[in-house]
Amino acid sequence: MSGHWQTETDMDEAMAEAQSDWGPFGRPIFEDPAARALARVGVIDIGSNSIRLVVFDGAARSPAYFFNEKVMAGLGAGMDQTGRLNPEGRDRALASIRRFVALARGMGIPPLTAVATAAVRVAEDGADFCAEVERETGQAIHVIDGEEEARLSAQGVLLGWPSAEGLVCDIGGSSMELARVEGGRVWERATSPLGPLRLETMKGGRKRRDREIKQVLDELAEKIERHDRLYLVGGSWRAIARLDMIRQDYPLSVLHDYRMTPKSVRATLEWIEGQDLEELRKSARLSMARISLVPMAGEVLRRLMARFRIREIVTSGYGIREGLLYEQMPQRIRCRDPLIEAARHSQDTSARIPGFGRIMFDFIAPLFKKPVGNPRWIKAACLLHDVNWRAHPDYRAEVCFDSATRGNLGGIDHPGRIYLGLALAHRYRNARPDDRFAPLLGLLSEKQIKEAEVLGKALRFGAMFSFANPDGMGTLNYRPKKRTLELRLPPDSAALFGEVAAARFASLARSLEAEKTVTVTNGTRAVRKLG
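Spelled out as structure tokens, the structure:
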């Protein structure tokens with residue numbers, strides 16, 4: 347399986363096509379036939395350490411995981427001495443693939459795409475293993491080379507961050523790949539034998555291993571242009587990030603977009619050396635096979651950060667499997683915002699009035715002419731403001747907060763998740779979430795917390811107009827310097843401004859510290875004031 351390079355002309359044409367429909371309220375991406383064709387995409391990733399089946403619900407730009415199962419087979423264990431796949435790992439891998447193929451058949455999804463990486467690529471019996479799998483299951487395996495593996499992993503990062511810029515490092519059991527992304531494209535890419543399974547069994551001890559790591563990183567530095575941001579892909583890297591979270595008592599458990607500095611990584615690696623790995627394994631909910639590779643992977647990461655003078659480290663939950671999904675997306679879909687598309691998909695499948703998010707955004711936009719938070723967060727909140735209406739009324743605020751902060755969303759960082767969750771919680775409750783969420787609010791500034799509260803109360807008030815005549819819900823006129831908030835209603839909508847609506851409008855005005863007025867208008871002429 348080989349990747350394709352799109353020309354700059356192809357990309358420019360696709361960007362121009364997407365640009366006319368770019369806004370959060372253009373034609374939904376999941377109405378595109380090319381997106382519907384991705385509604386169920388199944389991928390088997392055969393790595394040196396683990397084998398995983400992922401079935402994506404890929405209709406939206408930020409795909410959901412319809413099914414996800416992993417087996418720690420250890421195909422590459424001991425291969426540095428034998429040159430062959432681990433016999434026990436081979437048996438486990440074959441049994442896993444047999445199950446995965448049967449599962450896919452039962453789901454009625456299109457044929458799976460199966461890719462094998464370093465262990466199968468290098469092993470003397472790799473081709474024999476692939477033939478056995480196809481003979482017993484009918485599933486063909488694409489053995490990809492190291493540069494192709496680097497490209498697909500980098501594409502996985504672009505799936506989550508379309509504007510990502512930096513180095514993408516994917517570590518497996520037997521190899522480590524490096525690529526550079528910028529401008530929505532993958533540039534230089536290279537592979538290396540710096541997988542922890544291989545390093546762990548290397549002859550010659552620590553001195554030989556240190557020389558090997560230094561030499562290989564020097565070679566990579568000659569092939570890949572330096573950048574000070576590093577995106578980490580792979581289970582061993584994610585395990586280190588998880589342990590960094592535990593060491594720092596970080597309040598959010600989502601690994602995707604978890605950010606570290608070299609200083610914090612070095613502190614965590616030193617901290618790990620003084621801990622009992624079994625206790626760490628339990629607290630981090632990692633397998634023994636995974637955590638046993640952490641010290642070796644840590645050695646590589648420490649040297650990698652120094653050699654490339656890294657300043658910022660971003661943990662990616664996406665990698666080669668997501669890169670394979672990205673591979674099947676036309677450029678016009680790749681260009682779209684994953685956060686907005688996921689929110690739109692949720693609105694169209696779960697909200698009581700699909701499409702009202704656009705009207706809501708137009709209604710509340712005067713309150714956020716110079717937002718503290720990212721404007722995309724505000725747009726996403728409008729799209730998501732009613733998707734959890736089926737939850738029990740007593741728990742809707744908590745469900746909204748949890749779904750935003752812990753949900754499968756791409757294109758949003760951790761502060762953005764908290765901001766979005768807080769706004770949606772205020773949509774259903776006129777108070778902050780309870781004390782168990784308080785540590786999460788520490789990821790936001792006081793101004794962001796205040797603005798999220800205003801946003802939630804604006805959504806809570808705007809929803810009062812959603813059923814009767816959403817297109818005639820009136821306009822808001824907010825003058826922050828004068829501290830005034832005016833609601834201008836057409837005559838046909840005046841009856842909607844009842845007791846509950848008045849209370850919610852008053853709450854919104856208080857959060858803005860503004861004096862409120864409600865005016866019924868006939869065109870530009872005021873007819874009367876409402877109390």
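In my numbering, the protein residues as written are 347 to 877. Where is the CB? At the ideal position from N, CA and C, for every residue including glycine. Since this is a predicted model, take the numbers as computed values, not measurements.
CB of residue i within 8 Å of CB of residue j, strictly
i: Ser521; j: Ala464; result: yes
i: Phe903; j: Leu854; result: Because the chain here runs from 347 to 877, residue 903 falls outside it and cannot be looked at.
i: Ala769; j: Leu729; result: no
i: Val389; j: Leu670; result: yes
i: Arg313; j: Glu658; result: Here the chain covers residues 347 to 877 and nothing more, so residue 313 does not appear.
i: Leu498; j: Ile666; result: yes
i: Glu799; j: Gly719; result: no
i: Thr661; j: Leu578; result: yes
i: Gly506; j: Pro721; result: no
i: Ile618; j: Pro641; result: yes
i: Ser582; j: Leu650; result: no
i: Gly820; j: Leu833; result: yes
i: Ala462; j: Ile392; result: yes
i: Cys681; j: Pro457; result: no
i: Ile443; j: Thr483; result: yes
Option in the options with minimal Cα separation from residue i
i: Ala635; options: Val866, Ala855, Asp403 and Gly422; result: Gly422
i: Asp603; options: Gly756, Gly581 and Leu615; result: Gly756
i: Ser692; options: Leu399, Pro409 and Trp507; result: Pro409
i: Leu627; options: Val527, Lys716 and Leu589; result: According to the sequence provided, residue 627 is Arg. The question's Leu does not apply to it. Nearest option by C-alpha distance: Leu589.
i: Ile686; options: Ala750, Arg657, Asp740 and Gln594; result: Ala750
i: Leu598; options: Gly788, Glu861 and Gly502; result: Gly788
i: Ala460; options: Gln485, Arg451 and Ala439; result: Gln485
i: Phe412; options: Arg430, Ile455 and Gly701; result: Ile455
i: Asp574; options: Glu482, Asp564 and Arg526; result: Arg526
i: Ala743; options: Met425, Asp838, Gly472 and Arg778; result: Arg778
i: Ala840; options: Asn868, Arg557 and Asp564; result: Asn868
i: Leu858; options: Lys803, Ala643 and Arg430; result: Lys803
i: Gln621; options: Ser509, Arg829 and Ile637; result: Ile637
i: Arg829; options: Phe851, Pro700 and Glu861; result: Glu861
i: Asp838; options: Gly818, Tyr824, Ala848 and Pro826; result: Gly818
i: Asp491; options: Thr483, Gly472, Val611 and Val479; result: Gly472
i: Leu504; options: Ala469, Gln427, Arg430 and Arg531; result: Arg531
i: Asn823; options: Asp708, Leu431, Phe783 and Asn754; result: Asp708
i: Met548; options: Gly703, Arg856 and Gly424; result: Gly424
i: Asn432; options: Phe446, Arg444, Arg451 and Gly519; result: Gly519
Residue i (DSSP reduced to helix, strand or coil)
i: Ala362; result: Residue placement at Ala362 is flagged as unreliable, the pLDDT there being 41, under the threshold of 50; the coordinate-derived value follows with that caveat. Helix at Ala362.
i: Asp564; result: helix
i: Ile570; result: coil
i: Arg627; result: helix
i: Leu601; result: coil
i: Cys681; result: coil
i: Lys553; result: helix
i: Gly753; result: coil
i: Asp403; result: strand
i: Asp367; result: For Asp367, the pLDDT reaches just 44, beneath the cut-off of 50, and the residue's location in the model is therefore unreliable, leaving the point undetermined.
i: Trp617; result: helix
Cβ neighbours of residue i in the same chain (closer than 7 Å, five flanking residues each side left out)
i: Leu566; result: Leu524, Ala536 and Ser538
i: Tyr745; result: According to the sequence as given, residue 745 is Val; it is not Tyr. Around Val745: Asn734 and Ala737.
i: Thr614; result: Ile586, Leu589, Asp590 and Arg593
Cβ-based burial, residue i [other Cβ within 10 Å; buried from 16]
i: Met675; result: buried
i: Met453; result: exposed
i: Val846; result: exposed
i: Ala652; result: exposed
i: Asp437; result: exposed
i: Asp474; result: exposed
i: Arg690; result: buried
i: Gln501; result: buried
i: Arg584; result: buried
i: Ile375; result: Low confidence applies here, because Ile375 scores a pLDDT of 46, under 50, leaving its location unreliable; read the following figure in that light. It is buried - the Cβ of Ile375 has at least 16 other Cβ atoms within 10 Å.
i: Ser629; result: exposed
i: Gln794; result: buried
i: Asp556; result: exposed
i: Glu434; result: exposed
i: Ile559; result: buried
Own chain residues within Cβ distance below 8 Å of residue i, not counting five before or after
i: Leu805; result: Met706, Ile710, Ala727, Cys728, His731, Ala769, Leu770, His772 and Arg773
i: Ala809; result: Met706, His731, Asp732 and Arg773
i: Ser633; result: Met418 and Arg627
Close Cβ partners of residue i (< 6 Å) along its chain, the five nearest in sequence each way excluded
i: Cys476; result: Ile487
i: Trp336; result: With the chain running from 347 to 877 in the structure shown, residue 336 is simply not present.
i: Leu540; result: Met522, Val562 and Val646
i: Ala439; result: Ile397, Ala419 and Leu421
i: Phe714; result: Ile724
i: Lys416; result: Ser396 and Arg398
i: Ala848; result: none
Short CB-CB distance (under 8 Å) between residue i and chain D
i: Asp603; result: Although the question refers to chain D, the structure presented lacks it and comprises just one protein chain.
heavy atom of the ligand PLP below 7 Å from residue i C-beta
i: Glu546; result: With respect to small molecules bound, the structure shown includes none, and the ligand PLP cannot be examined in it.
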